[in-house]
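In the numbering used here, the protein residues as written are 1278 to 1624.
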Amino acid sequence: MTNPPITELNDRTRTIFRMVVESYLESGVPVGSRTISKFEGLNLSPASIRNVMQDLEELGLLAAPHTSAGRMPTEQGLRLFVDGMMQVAEPSEEEQRAIQSQIEGDGPIEEALEAATAALSGLSACAGLVMVPNREARLKQFSFARISERQALAILVGEDGSVENRLVDVAPSVSESALTEAANYVTGRLSGLTLGEAVARLDAEIRAEKAALDKASAELVRKGLAVWSLDANDRPVMIVKGQSNLLDEAAADDLDRVRQLLDELENKEEIARLVDGAREAQSTRIFIGSENKLFSLSGSSVIAAPYHEEGGKVVGVVGVIGPTRLNYARIVPMVDFTAQTLSRLMK
1278 MTNPPITELN
1288 DRTRTIFRMV
1298 VESYLESGVP
1308 VGSRTISKFE
1318 GLNLSPASIR
1328 NVMQDLEELG
1338 LLAAPHTSAG
1348 RMPTEQGLRL
1358 FVDGMMQVAE
1368 PSEEEQRAIQ
1378 SQIEGDGPIE
1388 EALEAATAAL
1398 SGLSACAGLV
1408 MVPNREARLK
1418 QFSFARISER
1428 QALAILVGED
1438 GSVENRLVDV
1448 APSVSESALT
1458 EAANYVTGRL
1468 SGLTLGEAVA
1478 RLDAEIRAEK
1488 AALDKASAEL
1498 VRKGLAVWSL
1508 DANDRPVMIV
1518 KGQSNLLDEA
1528 AADDLDRVRQ
1538 LLDELENKEE
1548 IARLVDGARE
1558 AQSTRIFIGS
1568 ENKLFSLSGS
1578 SVIAAPYHEE
1588 GGKVVGVVGV
1598 IGPTRLNYAR
1608 IVPMVDFTAQ
1618 TLSRLMK
């Protein structure tokens, strides 16, 4: 069913609809006409409110889970509310500090991304998720540490703070000076490059006889670069934190839905494909329930926003996933602020 434009609802109907949705999102239980009649400034009888709620049900915006129960918004109703009626505000100073303090640091970008998901998960009581930037690490520093006659430890430090230690085989005849020469060459000539760029420059300089390396040292450089695995293909696609938040007291009566959602979260590839749809958005996107086939059974919602590197290119998406009964007005600006914080970190 297509939602009626919000402008087609008269003022009284819009007011009652908004009150029902906001009360439901806050309490998690269907809302009755008597509850609405007690709201200050409405001045309508429960009977009049019931008539309006019946009209909204016929429009597909509200539903009654049980004959004698109150009403709750349908997914179509939530979409109408989110797109046309919801009023959002900036995250509180306390929430902003909680997000910034966990994200901003000097460690690898993956640590910041994990902290972002943990912060969002804790503040929203949902599961936090983030798409990892699809980019190769760049080399900052390289060294060898000999640990036996035939083995050395290759230590590679990326510009993002990542560190990789890998064992490489070396001939007994390779001297300590050769190990130092190879390490100095990589740090001095190849820092700032990706793995592919570093190998290409090494080959080019050897062909042009510009590489200040003997044959043994050149082979050591090749071995050292070969163990550098932090390229785009090996990085995790998505990080998810806080799945346990989905098993709160409100989920006790809806365990099948929660179980289905947890199963869906295990399939990170499908979730990542959905979240990746927020890359093209200018701001936060909201996916509600069965609007997406992935959540047709669990009836879950995703709030996601893209974050950017210097120059404005989108490099990832951050957000939360939880039941459709989310405090959208509070969580949407929280996700947006987290995306902005990550964007500043990427510059």
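Yeah, the Cβ is synthetic: ideal placement off N, Cα and C, and Gly gets one too.
Burial state of V1440 is exposed, judged by a 10 Å Cβ sphere holding fewer than 16 other Cβ atoms. If you ignore the 5 residues before and after L1502, its C-beta comes within less than 7 Å of the C-beta of L1472, A1475 and V1476, all in its own chain and listed in chain order. Excluding sequence positions up to five before and after I1376, its CB lies within less than 8 Å of the CB of P1368, A1393, A1396, L1397, L1400, M1611, F1614, T1615 and T1618, all in the same chain and listed in chain order. In the DSSP assignment, K1518 falls within the beta strand (DSSP E) that extends over M1515 to K1518.
Relative to the Cα of N1442, the nearest Cα in the group S1454, S1450 and F1421 belongs to F1421. For D1446, the enclosing beta strand (DSSP E) stretches over residues V1440 to D1446.
A distance of 8 Å or more separates the beta carbons of R1602 and L1338.
With the rule of 3 Cβ pairs closer than 8 Å, the region 1353-1361 does not count as touching the region 1313-1326. Straight-line spacing of the CA atoms in A1581 and G1405 works out to 10 Å.
Secondary structure within the region 1296-1374: not one fully enclosed beta strand (DSSP E) run of 3 or more consecutive residues is present.
Apart from the 5 residues on each side of it in sequence, D1446 sits with its Cβ closer than 7 Å to the Cβ of R1427 and Q1428 in its chain, given in chain order. Taking all protein chains shown into account, P1449 has fewer than 16 neighbouring C-beta atoms within 10 Å of its C-beta and is therefore exposed. R1327 and I1313 have their alpha carbons spaced roughly 10 Å apart.
According to the DSSP assignment, G1435 belongs to no alpha helix (DSSP H) but to the beta strand (DSSP E) extending over Q1428 to G1435. Nearest in C-alpha terms to I1483, of all of E1285, V1498 and E1568, is V1498.
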